[in-house]
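Numbered per this note's numbering, the sequence shown finishes at 429, counting up by one with no gaps.
A virtual CB, placed ideally from N, CA and C, is assigned to each residue, including glycine.
Treat the numbers as computed from the prediction; the structure is a model and nothing was measured.
One structure is given here, and the rest of the page talks about it.
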Amino acid sequence: MSPSPVAPAFPEAEVRHRARSGAAAAFPAAEDYGHVLFGAGAGAPTGPEDDLDRTRLVPPVFMAERLKKLIELGREPMYDDVELTTRIGGFTAALPVYVSALGSTRAAGGDPGLALSRQAGRLGLPMVIGENVVPVHGYGRLNGPAGPGGPDGGASTTLLGRLRAYTGELPDGLGGVAVQQSTEDADAEVWNLVYSDPTARPLLDSGRLAFELKTGQGAKPGLGGMTVLDTAAAARFGDRYGLDAAALGERHVLRSSSPGTFTAEILRQQIRLMRNNFPRARVWVKLHPGRDVAEAARVAVDAGADAVTVDGAEGGTGWAPVAFTGRVGLPLAACLRRLAADPPPCLLVSGRMWEGSRAVKSLALGARAVGLGRAALLSVAEDPDQGLIRFTECLAMEMRLLISALGKYAPDALDEQDVWSPDGN
């Protein structure tokens, strides 16, 4: 059994508290009412702040949208009148949240990966199955590619295992799955396998299957996925991945995926090829936080992408060189600023998402939905049956409170005026 995941420099304790307590974690402890005096700084999260954290949500005094809601309802509106149902990349989600790509890393494999898939399905949240699952863990059928996880019919870490765990809990009309494909996945023909598989047919027939083209990731922009293998396991991957036996000492081998090569024309043609080869699947594109992220997003949208995902430099659940963490790539706030002039119609963002104010700020600055990575994994580690469900109850409570405080009653009513930054804007 793998040890429970930990997340240094991330508010792990707060996330686990939410996974245990649900919506109650959005408030101070009820036992403190009446004798603890609360004010600014009470309950402040641990860990470093970034530019997005340092901004503030700023409700107006005069609220025309609240008046409209009052007239519509025939009474004063409350926070529970906020409707969070959102269209995300062609899917309908119960709230503006999706589960970020979790690929072949050990922390997302086995029981945690299946628990996460089941709870995401139960919640009706879209879920991304990340790259390299098939080359590393197998597809899940005897006649499909199999890695060390073995062709067990989807009972463990295989792609079909995650897909079945998700669809087995999914309510009608909600959610959907986006399957990433890396260079190594393309060699294994992952999208072809999924598109023609009976297991994916209900998703395909209901318009809830997407393929996500990945150009990079927030944790290590410009690099492909990386994992650590022991020397025995490394021998099984030498024909599929770059292996460096010297980088990590004598007992471990660094396994690296190809980052892929993109120009504007290559990206444009890749998206057109996806739409031509898989006409019934949605097309998502994931961008790393590069300095030309706005240009890349425009190319993707013009070529027909249904959603563009931007992974801020704060994101990441997998293995990354320490020189990259906190030092390479644009912070999410900077990505949102660069995209503000011409935001994609469906912009999905991720990067250190764990509480409502950061999510609502991102929505106000142009995002359609936010992705949960580390927070989702920590939640299911805390409680494999209900952790993500309780965590999401808390997140939804905070989002309703915050959006209603701004005098609005749906995420798409938010705009940049709702956010103030310390530089006075």
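Query, Result
"Stretch pair the segment 211-221 + the segment 287-307: three plus CB contacts closer than 8 angstroms", "yes"
"Residue 228 to residue 342 span [Cα, whole Å]", "24 angstroms"
"Close-in-space but distant-in-sequence residues of the same chain around residue 384 (CB under 7 angstroms, 5 per side omitted)", "116, 119, 120, 123, 391, 392"
"Residue 413 classed as buried or exposed, judged by whether at least 16 other C-beta atoms fall within 10 angstroms", "buried"
"Meets three-Cβ-pair contact criterion under 8 angstroms: the segment 350-368 and the segment 32-42", "no"
"Residue 292 in three-state terms, based on DSSP", "coil"
"8 angstroms CB neighbourhood of residue 282 in its chain, flanking five on each side removed", "195, 199, 215"
"Reference residue 367, options 269, 15, 9, 101, closest by Cα", "101"
"The segment 163-179 / the segment 235-254 touching (three or more Cβ pairs under 8 angstroms)", "no"
"8 angstroms Cβ cutoff met for residue 170 and residue 131", "yes"
"Local conformation of residue 10 per DSSP, three classes", "coil"
"Whether residue 319 touches residue 377 by CB criterion (8 angstroms)", "yes"
"Candidates 224, 235, 386, 278, of which the one nearest residue 327 by Cα", "224"
"In DSSP terms, what residue 96 is bridged to", "91, 179"
"Simplified DSSP state of residue 403, which is helix, strand or coil", "helix"
"Contacts around residue 126, its chain only, beta-carbon distance under 7 angstroms, and the 5 residues preceding and following it disregarded", "173, 393"
"Coarse secondary structure for residue 272, derived from DSSP in three states", "helix"
"Boundaries (first-last residue) of the beta strand (DSSP E) holding residue 313", "311-315"
"Those residues which DSSP pairs with residue 185 across a bridge", "217"
"Pick from 80, 187, 362, 212 that is closest to residue 167, judged by C-alpha positions", "212"
"Under the three-state DSSP convention, the category residue 351 falls into", "strand"
"Residues bridged to residue 230 (per DSSP)", "260"
"Sufficient close CB pairs (3 or more, under 8 angstroms) joining the segment 266-278 to the segment 71-89", "no"
"Boundaries (first-last residue) of the beta strand (DSSP E) holding residue 373", "373-376"
"8 angstroms contact criterion, which residue 387 and residue 24 should meet: CB distance rounded", "7 angstroms"
"Option nearest residue 360 by Cα separation, candidates 61, 32, 222, 43", "61"
"Spatial distance of residue 323 from residue 317 (CA atoms)", "14 angstroms"
"Residue 373 to residue 92 span [Cα, whole Å]", "7 angstroms"
"Identified DSSP bridge partners for residue 424", "60"
"Inter-residue Cα distance where the pair is residue 421 and residue 71", "18 angstroms"
"Beta-bridge partners of residue 286, as assigned by DSSP", "214"
"Candidates 209, 140, 202, of which the one nearest residue 185 by Cα", "140"
"Same chain, Cβ closer than 8 angstroms to residue 308, neighbours up to 5 away in sequence not counted", "275, 276, 279, 287"
"Between the CA atoms of residue 162 and residue 146 - distance to the nearest angstrom", "Because residue 146 sits at a pLDDT of 47, beneath the cut-off of 50, its placement in the model cannot be relied upon, and the point is left open."
"Through-space distance from residue 382 to residue 9, alpha-carbon basis", "7 angstroms"
"The beta strand (DSSP E) enclosing residue 248, as first and last residue numbers", "246-248"
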